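So the sequences go chain by chain: U and E. Going by our numbering, the residue at position 156 of the first sequence is 1012; the numbering climbs one at a time, nothing skipped. Going by our numbering, the residue at position 195 of the second sequence is 1051; the numbering climbs one at a time, nothing skipped. Worksheet: one structure, shown below.
Protein chains: 2
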Amino acid sequence: MKEIKRPTIIDVARAAKVGASTVSRHVRGGKSVSPAVAKRIGIAIAQLGYEPNTLARSLRVGRSQTLGVLFPHVNNVFFGNAIRTIQFEARRSGFTVMLLTHQEDAQLQQEQLASLKRSQVDGLILVPAAETNIAQVRAILGNTPVVAFDRPLGNALDSVMLDNEMAGLRATEHLLWHKHRHIISVTAPYKLNPLHSRLKGHKEAMEAAGRKVETIIWADSEQLKRELCLALKRKRGPATAVLSMSYSVTIAILSALRDRNIRLDQIAFIGIDDLEFASFLDPSLTTVAQPAEQFAKIAVEQLLKRTTGAKESPVQVTLPGTLILRASCGCDPALSKGR
Amino acid sequence: MKEIKRPTIIDVARAAKVGASTVSRHVRGGKSVSPAVAKRIGIAIAQLGYEPNTLARSLRVGRSQTLGVLFPHVNNVFFGNAIRTIQFEARRSGFTVMLLTHQEDAQLQQEQLASLKRSQVDGLILVPAAETNIAQVRAILGNTPVVAFDRPLGNALDSVMLDNEMAGLRATEHLLWHKHRHIISVTAPYKLNPLHSRLKGHKEAMEAAGRKVETIIWADSEQLKRELCLALKRKRGPATAVLSMSYSVTIAILSALRDRNIRLDQIAFIGIDDLEFASFLDPSLTTVAQPAEQFAKIAVEQLLKRTTGAKESPVQVTLPGTLILRASCGCDPALSKGR
DNA sequence: CTGTTAGCGCGTTCAC
DNA sequence: GTGAACGCGCTAACAG
């Protein structure tokens, strides 16, 4: 079994006593090859253990059949599920996925984009880092199709994301419905559009109810602890409910509460973005979940359309979140049994 | 800005009035090019927005500078961190990473392996699905270097993983030290070597202490609830401590306890594998954490050695886990403040 | 130090 | 229905 180098299409051709192009037609299927010859080729391929060289094929046809995916990271349910589905959908269409991460770092993002470009990806699904603008991306990517995922990147691009404003609005309304009058919202310092929109929806709901908007911008853990305690423990109209604007903010809040020995059942809480462990906390956490799989399907579908040269104007898909009622908002704990 | 097709090395050569190979030497750096010429080439590249075509280069040199990574999924801290570090380390050495998942499915794993092979990856970091043997992998991969990650795959391969037996032993010893006499261990039905080893270590510790080994094999959630309740609530010597053998088992146990309204503080608990939310539970969860970053570094390093043709006999690296003492084992809750 | 030439493995004309 | 020849973009030999 001296496999000093891998068999090429020519080796197969020789073994099957046919021309190379006949083998080529056969492996790609569909094309007309006489049954007898097809049989011989099939045997030769099996015997030699031939696998087409994707690199050579891509170079020749000018498409790599590869989709780039550039995410901040892979460490949360939403991204994890999205990635799984993206891979699945891409595979179904004969594409492979090249997954990179930029760790929310603009510099690294640019490098990764360059890497993707050099790899000749046919298209890209991008969750842009904060303060990214479309020009930076285009400068590196040229005219490679891009769809923005989870975060907008100008309306010259296809995009798919949550109806963030609605999410903020609905979550707030639910808290108000539970008769909370002093709700404190917590957001991250990143200049990320989704956070702004969620906050905007929150403000809208608060103002419609005639309540004062109070927001903490989480800068560091000490400051968050301080401000959160202040709001929750003040004598005059202490906050009784907390609305978290994102996954990482929720983590920060949970840490802060834990460190200050404030039990979750002393306040009401809703977090935008679901957490895999939301139902294991006590009380279980009410969250607004994003339809990751649906996002992924739409993103891939849209991207594949573009790679085949569709020229329609960009579509911006916006999907509603799902308010998962568990216990932390004040709803009956029994509800949490669902999941 | 009519960018009808991307500039090639020849376009650059013409623009700079030099030969193509001179440009080639320049872009790869290091090689000797006269300063004057280098300058001209630099300008031409900037002007045209030239990016080398990785595909063509790979085809030519016979290496893709790409490392394949095939993981079960990306949805847990351990895998997530490992992936991040693998990408980082690979990048540092000029490699890009092609990440695929097999969802613990042997069939899908084989397909993904084939895909990786066709993509001409220079090496592969693999977390093998259950019941995978080395022959299956080699059949598809030929002589592409592979390092097994987190799970062994025969000793003909480089591998890096946890000292699983030690982890099971240490966790058990800690529970015994807390005077628990009836400890119940819970494992998954998958025929995964790490689970066996952890269980083996557990048994060792139990037998050394003269205690009876009781193990639940988690088949489905109803059965788990039933058997767990039975063990915890029986009249004669009820179990007072639970040892979970893996991340997913821990999730299952937490679900079971929640559904049966058994609060975590009624029992002692240690889980092998850390969870990102371990410190948010009440009581916070004591776990054995795996050094994901260290694993990743070693795996990449070893793999890169192989891709440059190292022929030493396979090395099997085994690293100890870290017992993170939080509250659920019975240690002072104050300890949990650490993280 | 530089340019010319010849393929890497494949798909695609275009003759047969 | 089939095969020979060319070239995708690049780098490794060589010759200058």
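For glycine and all other residues, C-beta sits at the position ideal for the given N, C-alpha and C. All of these numbers come straight from a predicted model, not from anything done at the bench.
M1101/E, DSSP secondary structure in three states: coil
Residue-chain proximity (E907/E, chain U), Cβ-Cβ < 7 Å: yes
Distance between beta carbons of T1071/U and L1055/U, contact taken as under 8 Å: 7 Å
Three-state class that DSSP yields for V1156/E in the structure shown: Three-state DSSP puts V1156/E in a helix.
Proximity to F1133/U [Cα-Cα], best of D1121/E, S1111/E, T1143/E: S1111/E
Sequence-distant residues of the same chain with beta carbon closer than 6 Å to R1116/E, five excluded per side: K1081, C1085
Sequence-distant residues of its chain with Cβ nearer than 7 Å to Q976/E (five each side left out): S914, S920
Beta-carbon spacing of V983/E, F1005/E below 7 Å: In this structure, F1005/E lies closer than 7 Å to V983/E by Cβ.
Span separating the alpha-carbon of L1032/E from that of S1104/U: For L1032/E and S1104/U, the distance between alpha carbons rounds to 37 Å.
Meets three-Cβ-pair contact criterion under 8 Å: the stretch 1159-1178 of chain U and the stretch 871-889 of chain E: no
Where F1005/E falls: helix, strand or coil (DSSP): DSSP, reduced to helix, strand and coil, places F1005/E within a strand of the structure shown.
Those runs of the alpha helix (DSSP H) which lie wholly inside the stretch 1057-1094 of chain E and span at least 4 residues: Every unbroken stretch of the alpha helix (DSSP H) spanning 4 or more residues and falling wholly within the stretch 1057-1094 of chain E is given here in chain order: 1077-1089.
Between the CA atoms of S1041/U and P1126/U - distance to the nearest angstrom: It is worth fixing the name first, because residue 1126/U is Ile in this sequence and not Pro. Rounded to the nearest angstrom, the two C-alpha atoms are 10 Å apart.
At least three beta-carbon pairs within less than 8 Å, the stretch 892-910 of chain U to the stretch 951-966 of chain E: With the cut-off at 8 Å, the stretch 892-910 of chain U and the stretch 951-966 of chain E do not touch.
V933/E versus E1157/E, A1148/E, C1187/E, residue with shortest Cα-Cα distance: A1148/E
Contacting positions in the stretch 1076-1092 of chain U - beta carbon closer than 7 Å to chain E: none
Nearest candidate by alpha-carbon position, reference A1124/E, set L1179/E, P1139/E, D961/E, L1131/E: P1139/E
Pair within 7 Å by beta-carbon distance, G1177/E and H1034/E: no
Within chain U, partners of G950/E - CB distance below 8 Å: Here the premise fails: no neighbours, minimum Cβ distance about 10 Å.
Opening and closing residue of the alpha helix (DSSP H) in which Q903/U lies: 891-904
Assigned exposure category for I1180/E - 16 Cβ within 10 Å defines buried: Under a 10 Å Cβ-count criterion, I1180/E is classified as buried, with 16 or more other Cβ atoms of the shown protein chains found around its own Cβ.
A1152/E vs I942/E beta-carbon contact at 7 Å: yes
Residues bridged to D1014/U [DSSP beta-bridge criterion]: V1003/U
Whole-angstrom distance between D1129/U and N937/U, CA atom to CA atom: 13 Å
Own chain, CB closer than 8 Å to V1003/U, minus 5 neighbours either side, in chain order: G979, L980, I981, L982, L1013, D1014, S1015, V1016, A1155, Q1158, L1159, R1162
Neighbouring residues, chain U, relative to L955/E (Cβ below 7 Å): L955
Chain-ordered chain U contacts of S914/E [CB-CB under 7 Å]: L911
Cβ-based neighbour list, Y1046/U, same chain, cut-off 7 Å, excluding 5 preceding and 5 following: A986
Buried/exposed call for E1063/E, threshold 16 Cβ in 10 Å: exposed
Below-7 Å beta-carbon distance, I942/U vs any chain E residue: no
For I1109/E, the three-state DSSP class (helix, strand or coil): helix
Distance, V883/U Cα to S890/U Cα: Approximately 13 Å between the Cα atoms of the pair.
Residues that L919/U contacts on chain E, provided the C-beta gap is smaller than 9 Å: Before going further, note that residue 919/U is Arg rather than Leu in the sequence given. Result: empty, since nearest Cβ-Cβ is about 10 Å, beyond 9 Å.
Contacting positions in the stretch 1009-1042 of chain U - beta carbon closer than 7 Å to chain E: Residues passing the 7 Å Cβ filter: none.
Assumed close pair Q966/U, L926/U - CB separation to whole angstroms, cut-off 8 Å: Their Cβ separation, rounded to whole angstroms, is 10 Å, which puts Q966/U and L926/U out of contact at 8 Å.
C-beta neighbour in chain E for R974/U, strict 7 Å: yes
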